[in-house]
Amino acid sequence: MKIVVFGSFHAGKSTFISAIDPDSRHVDTDCADGTTTVALDFGRVVINNCQIHLYGTPGQERFGFARQVIMRGMDAALLMVDCTCAVDEFTRQLYEDLQRTGIPLGIVMNKCDLSESCPAMVRRALPGARTFEISARDPVSARNALDQFVGLVTTGT
């Protein structure tokens, strides 16, 4: 199953994939705020005898062409959202575009372990999709969210 992880810059996509698969691969570059993905992240995991391939997309608008290539053939999508700040226009646009595809979509609300997180704000801004509260730095919460999402996708609920 091909699951593509979308989200804005520094939402936690690469960290999420690394938490799921410590041997994951990343194509990134240095920037003023650390590193940023410029091509993709890739990780693998088996859930309920199903091989899951996770692809992380670049979180900057200028890499739209890369997102288009990566999303071809995807079976499901996760939208990673930073719960410590307001939902930006780029994230809203990703959400609307992904909803139009008709594929299973989950919203991963990251940084929920921080005191300034506000999951309710994200749910109001992006209504209608299944949500998962995590800290991408915590492999247990990341894996639990992915397990739940894959369960929903494979059972068609």
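When we follow the UniProt record's numbering, the leftmost residue of the sequence shown carries the number 1, and every step to the right adds one.
Built from N, CA and C at the ideal position, the CB exists for glycine as well.
In this text the structure is predicted, and so the values were computed from the model without any measurement.
- Nearest Cα to D82 within the set I103, C118, R100: C118.
- Annotated as distal: F6 and L54, with beta-carbon spacing of 8 Å or more.
- Per DSSP, the unbroken alpha helix (DSSP H) holding A125 starts and ends at 119-125.
- The Cβ-Cβ distance between T91 and S24 does not fall below 8 Å.
- Within the same chain, and ignoring the five residues on either side of L98 in sequence, the residues whose Cβ sits closer than 7 Å to its Cβ are F6, A77, L79, L105.
- If only complete runs of 4 or more residues are kept, the UniProt domain "Tr-type G" (3-117) shows the alpha helix (DSSP H) at 13-20, 64-71, 89-101, in order along the chain.
- Looking at the backbone, the Cα of A66 and that of L114 are separated by about 31 Å.
- Residue range 139-155 is occupied by the alpha helix (DSSP H) that includes R143.
- If you draw a straight line from the Cα of T155 to the Cα of I17, it comes to about 23 Å.
- For A125, the closest C-alpha among the options Q68, F63, A86 is that of A86.
- Spanning the alpha carbons of N49 and M1 requires a straight line of approximately 11 Å.
- Taking the Cα positions, A120 is about 22 Å away from L152.
- The beta-carbon distance between T57 and L40, rounded to whole angstroms, is 7 Å. This is short enough to meet the 8 Å contact definition.
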